[in-house]
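So in full-length UniProt numbering, spot 174 of the sequence shown is number 174, and the numbers just go up one at a time. The beta carbon of each residue, even a glycine, is placed where N, CA and C say it ideally should be. Report on one structure; see the data block that follows.
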Amino acid sequence: MHNGSAGETLRIPVPVGTVVRRKKGSVLADLAHPGDEVLVARGGQGGISLIDAPDYKRGKAMALSPNVMRDVTDKVLTHGQPGEEISLELILRVVADVGLVGLPNAGKSTLLSAITLARPDIADYPFTTLMPNLGRLGGDPTLGALQFSSGATLADLPGLIEGAHLGKGLGRNFLRHLRRTRVIVHVVDAAADDPVNNYKIVREELRMYNPKYLERPYVVVLNKIDLPKAQDRLSSLALEISSVGCGECHDKNASKGKLNENFNRHHTSEDDDKELGDYPRPQAVIGASVLRHIGIDEMLKEIRTALEKCSDHMLPGP
Ligand SMILES: Nc1nc2c(ncn2[C@@H]2O[C@H](COP(=O)(O)OP(=O)(O)OP(=O)(O)O)[C@@H](O)[C@H]2O)c(=O)[nH]1
Ligand SMILES: [Mg+2]
Numbered sequence: 001m002h003n004g005s006a007g008e009t010l011r012i013p014v015p016v017g018t019v020v021r022r023k024k025g026s027v028l029a030d031l032a033h034p035g036d037e038v039l040v041a042r043g044g045q046g047g048i049s050l051i052d053a054p055d056y057k058r059g060k061a062m063a064l065s066p067n068v069m070r071d072v073t074d075k076v077l078t079h080g081q082p083g084e085e086i087s088l089e090l091i092l093r094v095v096a097d098v099g100l101v102g103l104p105n106a107g108k109s110t111l112l113s114a115i116t117l118a119r120p121d122i123a124d125y126p127f128t129t130l131m132p133n134l135g136r137l138g139g140d141p142t143l144g145a146l147q148f149s150s151g152a153t154l155a156d157l158p159g160l161i162e163g164a165h166l167g168k169g170l171g172r173n174f175l176r177h178l179r180r181t182r183v184i185v186h187v188v189d190a191a192a193d194d195p196v197n198n199y200k201i202v203r204e205e206l207r208m209y210n211p212k213y214l215e216r217p218y219v220v221v222l223n224k225i226d227l228p229k230a231q232d233r234l235s236s237l238a239l240e241i242s243s244v245g246c247g248e249c250h251d252k253n254a255s256k257g258k259l260n261e262n263f264n265r266h267h268t269s270e271d272d273d274k275e276l277g278d279y280p281r282p283q284a285v286i287g288a289s290v291l292r293h294i295g296i297d298e299m300l301k302e303i304r305t306a307l308e309k310c311s312d313h314m315l316p317g318p
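Listed below in structure tokens is the structure:
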């Protein structure tokens, strides 16, 4: 800014959830709440023109500052000091209570649009969603439209594929958006060739990215049951999926780092020894058709229960 002492503060607006860190360095701020701000670089000291100042004033100002410049006609001004410079990385981690995950085309965006006012792109090809979409979920729909007891934000994420944690498909980049979520909803296309395996692929990708994700309460939505192929095998699929995992496997490591905000990956050698079966089972497996509005109420009920569970979890201990 070149306005001398009157230079205005430069404020750069960023989305809620932006993490500000020095380039390849420490985190300066996590702007997770509306209105959060951080001062990253102070402006410089404004200069003063002494060109037209009377002699006595000029003498005084020059005595105060060693930082003086003369122009060709020997007139004088005091230099300003440059402002600070800083190189930053801004990383967006959306702020959402619930994260929707699944293979491409499973129906995640359709689900979001079925239960919130969000209108994400939906299409019959993979990787329709490239950036997370957010929607606001109200409390209890039986209370009537928009009459909600407690709300939650849902994030619809791009589709995951096997190897995503290594950079395949859209890569692992967007998996960081799950970091702040408390509950995960797996959306599985129940009419696909091998839904159980597809489900395991996604779970495994989450594990490889951050095993803590697997400790969060989660609900599995077996979607597209309006299609006969899905309907016929719904109960056997539900049975198989609900048996992957353990019932009471809150061992000493589990759930401690629920909302671990570290930036590094969370693998320990113990995590590497673990398999999907060593992590908790789904809280519920629900057959639904988010397109045809089948099973929506039950799904919402389960999501709410999962959210309540983790708010209990978060109460301060004795
Ligand atoms: N028959 C049927 N089709 C569905 C259902 N839900 C979604 N679809 C269709 O499946 C296709 C993919 O839906 P999307 O919601 O875009 O899927 P997505 O999981 O968001 O896909 P990506 O963004 O690529 O990861 C669309 O053609 C939807 O109309 C459903 O319940 N039944
Ligand atoms: Mg999508």
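Proximity test, residue i beta-carbon vs ligand 1 heavy atom, cut-off 6 Å
i      : result
THR129 : yes
ASN173 : no
THR18  : no
LEU227 : yes
GLY159 : yes
LEU154 : no
PRO126 : yes
PRO34  : no
LEU291 : yes
ASN105 : yes
ILE184 : no
ILE241 : no
ILE286 : no
Length of the line joining the Cα atoms of residue i and residue j
i           : j      : result
SER242      : ALA306 : 15 Å
LYS229      : ASN223 : 11 Å
LEU117      : GLU275 : 37 Å
ARG176      : LYS60  : 57 Å
ALA284      : ILE91  : 33 Å
ASN262      : TYR209 : Summary for ASN262: the model assigns pLDDT 43, below 50, so the residue's position carries little reliability; its value from the coordinates is reported in the next sentence. If I take the Cα positions, the gap works out to 13 Å.
HIS186      : PRO34  : 28 Å
PRO15       : GLY151 : 20 Å
PHE148      : GLY138 : Since pLDDT at PHE148 reaches only 46, below the 50 mark, its modelled position is unreliable, and no value is offered.
ARG281      : LYS200 : 12 Å
MET131      : PHE174 : 8 Å
MET299      : LEU134 : 18 Å
LYS309      : GLN81  : 55 Å
GLY247      : ASP278 : 9 Å
PRO120      : ARG292 : 17 Å
SER236      : GLY245 : 16 Å
ILE122      : LEU112 : 10 Å
ILE12       : ASN197 : 45 Å
residue 322 : ALA155 : Here the chain covers residues 1 to 318 and nothing more, so residue 322 does not appear.
LYS57       : ARG42  : 28 Å
ASP55       : ALA63  : 12 Å
TYR213      : THR129 : 21 Å
residue 328 : ASP36  : Residue coverage of the chain in this structure runs from 1 to 318, which leaves residue 328 outside it and unanswerable.
LYS301      : ARG172 : 30 Å
ASP124      : GLY7   : 52 Å
ARG207      : GLY46  : 53 Å
LEU227      : ASP273 : 38 Å
Pair within 7 Å by beta-carbon distance, residue i and residue j
i           : j      : result
residue 365 : GLY99  : This structure gives no information on residue 365, because the portion of the chain shown stretches from 1 to 318.
GLY17       : VAL95  : yes
VAL219      : ILE303 : yes
ALA114      : VAL290 : yes
VAL20       : ALA32  : no
LYS168      : GLU89  : no
PRO195      : VAL202 : no
PRO217      : VAL183 : yes
ALA190      : ILE225 : yes
ASP232      : THR153 : no
GLY287      : LEU239 : no
GLY44       : GLY83  : yes
ILE86       : VAL38  : no
GLU215      : HIS165 : no
Cβ-heavy atom distance, residue i to ligand 2, below 6 Å
i      : result
LYS224 : no
LYS168 : no
LYS309 : no
SER109 : yes
Counterpart residues of residue i in DSSP-defined beta bridges
i      : result
TYR218 : ILE184
THR153 : ARG136
SER289 : ILE294
ARG207 : Per DSSP, none; premise fails for ARG207.
CYS310 : Paired residues: none, contrary to the question.
GLY99  : ALA155, ILE184
PRO54  : Paired residues: none, contrary to the question.
GLU89  : ARG21
VAL27  : ARG21
PRO280 : CYS246
VAL94  : Its beta-bridge partners do not exist; DSSP assigns none.
ASN223 : ASP189
SER109 : Per DSSP, none; premise fails for SER109.
Would you check if the segment 152-167 and the segment 103-115 touch, i.e. whether three or more CB-CB distances between them fall below 8 Å? Contact between the segment 103-115 and the segment 152-167 is present, because at least three Cβ pairs lie under 8 Å.
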